[in-house]
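Line by line, the protein sequences are chains W and L. Read left to right, the first sequence gives residues -14 to 318 (the working numbering). Read left to right, the second sequence gives residues 4 to 99 (the working numbering). Just so it is clear, CB atoms sit at the ideal spot from N, CA and C, and this is done for glycine as well. As the structure is a prediction and not an experimental result, all values here were calculated from the model. Read the structure below first, then the notes.
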Amino acid sequence: MYTQAMDTRAADEAPKSLRSAEEVQLQERFDARIDAGDFIEAKDWMPEHYRKTLVRQISQHAHSEIVGMLPEGNWISRAPTLKRKAILLAKVQDEGGHGLYLYAAAETLGTSRDQLFDALHSGRAKYSSIFNYPTLTWADMGTIGWLVDGAAIMNQVPICRCSYAPYARAMIRICREESFHQRQGFEALLTMMTHGTEAQKAMVQDAVNRWWWPSIMMFGPPDDASPNSAQSMRWGIKRVSNDELRQRFIDATVDQAKLLGVTLPDPDLKWNEARQSHDFGAIDWSEFKRVLAGDGPCNRERLAARVKAWDDGAWVREAATAHANKQTMKEAA
Amino acid sequence: MSDRTEWPLWEVFVRSKAGLDHKHCGSLHAADPKLAIQMARDVYTRRQEGVSIWVVRSDQIVASDPGDKAMYFDPAEDKVYRHPTFYELPKSVDHM
């Protein structure tokens, strides 16, 4: 779903200053291709730092999709109607699929699936902080679709033009499928706000109150605290800055909230005529850092659930491998 | 897990509708061909994107070397006479 953590890492893999003449030439050719708006494919030469940045970003994105299945999976068996249950199942299945597209894109850079999983399961890899919040009521399902998927789409659309082609292709597929995620969420909330009881309307407002701030944190730290952003922009990995995306999301969401009949929990949120944009209150970045570092409401639970699913599935993977080996031996005999 | 052997990688090609060719759409890991086809259906055709699927082991694909791109493909660049637009004909027969 998204990759905020890349911005919080220090520039730990800064390009080396000592390079061979050949490497300098390759680097120049690479830069020229980036400047010309060319796409880079898996087997093309690329700077090591570009490769590492992409592996980190794409794998974080993949992990976010996979972990993102958990908060919603929590409500599949308790969806209020068969229709809502079918919708939620389809959405969670999509997220599994999106994770797979992204893992495949990351693997083209030379990191194996097992290495990627290992990084997630051991807690070394990051995923989007948003999935470490609990889903307490049915209204959380609609709110996640509306706000969380809305923010994710805002973030993901520019990545469809990422300079690394396998990532861009995966993103095009994901964006095409994800629009339904946001629309179903908004429609679910609208149904409750239009036809629901007072208690149900209050439930929607409560969900919006809890998800609003974590959603706008999804765009990552402000630009002046995002040290790697400039390099990612230079390389065409990132196309639009965190603050710009956050502002676009807020501006788009205010009118949707009005239509829905909910308030957004920010007393400082107001239209600024001069900027032709909404001003908004200060974001609590200490919370963001805490959740990202592993100390959010559900970090341990999410990771434990993911590791358990992987370990419990081991016998299936082993049996399928054993069966495949047996068939191969039979054919050879 | 004791056995750390990854399932092999497969490339997936989907025919979106009858009459069109199969087009590469991505890759996935699967233990054998049968599972690869079933997984390809779940991963790449959740919205009726296809009527037929091919899978092929990624390690079985032979590809041209990106380093040879210029050598391989540039020679066609100056052969404009291979295109119909190279030939100027009178208006009356220009639909030819």
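Q) Between the Cα of Val239(W) and the Cα atoms of Lys28(W), Gly22(W), Ser262(W), which residue gives the shortest distance? A) Ser262(W)
(Q) Could you check whether Phe234(W) and Met139(W) sit closer than 8 angstroms to each other, using their CB atoms as the reference points? (A) Yes, they are a contact pair.
Q. Which residues mark the beginning and the end of the beta strand (DSSP E) in which Phe16(L) is found?
A. Following the DSSP letters along the chain, one finds Phe16(L) inside the beta strand (DSSP E) bounded by residues 12 to 18.
Q) Counting along the chain, where does the alpha helix (DSSP H) carrying Trp57(L) start and finish? A) It is not in any alpha helix (DSSP H) - Trp57(L) instead sits in the beta strand (DSSP E) that spans 55 to 60.
Q: Enumerate, from N- to C-terminal direction, the unbroken alpha helix (DSSP H) stretches of 4 or more residues contained entirely within the stretch 227 to 315 of chain W.
A: 227 to 245, 270 to 275, 284 to 297
Q | Start and end residues, beta strand (DSSP E) containing Ser148(W) | A | Here Ser148(W) belongs to no beta strand (DSSP E), and DSSP marks it neither H nor E.
Q. By the 10 Å Cβ neighbour count, where 16 or more other Cβ atoms means buried, how is Leu105(W) classified, buried or exposed?
A. buried
Q: In the DSSP assignment, find the alpha helix (DSSP H) that holds Gly84(W) and state where it starts and stops.
A: 67 to 92
Q) To the nearest angstrom, how far is it from the Cα of Arg44(L) to the Cα of Gln51(L)? A) 10 angstroms
Q | Contacting residues, own chain, Cβ-Cβ under 7 angstroms from Met54(W) (five flanking each side not counted) | A | Val77, Glu80, Gly81
Q | Cβ neighbour criterion (16 or more within 10 Å) applied to Asp134(W) | A | Looking at its Cβ environment, which holds 16 or more other Cβ atoms inside 10 Å, Asp134(W) is buried.
Q: Using 10 angstroms around the beta-carbon of Ala(-10)(W), count the other beta-carbons present and answer buried if the total reaches 16, otherwise exposed.
A: At Ala(-10)(W), the pLDDT of 49 sits below 50, so the modelled position is not reliable; the number obtained from the coordinates is stated separately. Ala(-10)(W) is buried by the Cβ-count criterion.
Q) What residues in its chain sit with their C-beta under 7 angstroms from that of Arg146(W), if we drop five residues either side in the sequence? A) Closer than 7 angstroms at Cβ, skipping near neighbours: Ala153, Arg224.
Q: Would you mind stating whether Ala47(W) and Gly84(W) have Cβ atoms separated by less than 8 angstroms?
A: yes
Q.
Our contact map puts Tyr88(W) next to Ile159(W) with C-beta atoms below 8 angstroms; I'd like the distance itself, whole angstroms only.
A. With a contact defined as Cβ atoms closer than 8 angstroms, Tyr88(W) and Ile159(W) miss out at about 13 angstroms.
Q: Decide if the stretch 32 to 39 of chain L is in contact with the stretch 298 to 314 of chain W; the criterion is three or more beta carbon pairs, one per stretch, under 8 angstroms apart.
A: yes
Q | Close beta carbons around Ile40(L), own chain, < 7 angstroms, minus the five adjacent residues each side | A | Ile56, Val58
Q: Using only alpha-carbon positions, find the residue among Val301(W), Ile222(W), Ala294(W) that is nearest to Asp16(W).
A: Of the listed residues, the one whose Cα sits closest to Asp16(W) is Ile222(W).
**Q.** Residue closest to Trp197(W), alpha-carbon to alpha-carbon, out of Leu175(W), Pro250(W), Glu162(W)
**A.** Pro250(W)
Q. Using DSSP with H/G/I as helix, E/B as strand and the rest coil, what is Ser30(L)?
A. When DSSP states are grouped into helix, strand and coil, Ser30(L) belongs to the strand group.
Q) Touching or not, the stretch 173 to 186 of chain W and the stretch 90 to 98 of chain W, by the rule of three or more beta carbon pairs under 8 angstroms? A) no
Q | Extent of the continuous alpha helix (DSSP H) to which Lys72(L) belongs | A | 72 to 76
Q | Buried or exposed by the 16-neighbour rule on C-beta atoms within 10 Å, applied to Leu92(L) | A | exposed
Q: May I ask you to list, following chain order, the residues of the stretch 54 to 71 of chain W that have a beta carbon less than 9 angstroms from some beta carbon of chain L?
A: none
(Q) For a cutoff of 8 angstroms on Cβ pairs, would you count Ala294(W) as touching chain L? (A) no
Q. Counting pairs of Cβ atoms below 8 angstroms between the stretch 162 to 175 of chain W and the stretch 266 to 275 of chain W, do you hit three or more?
A. no
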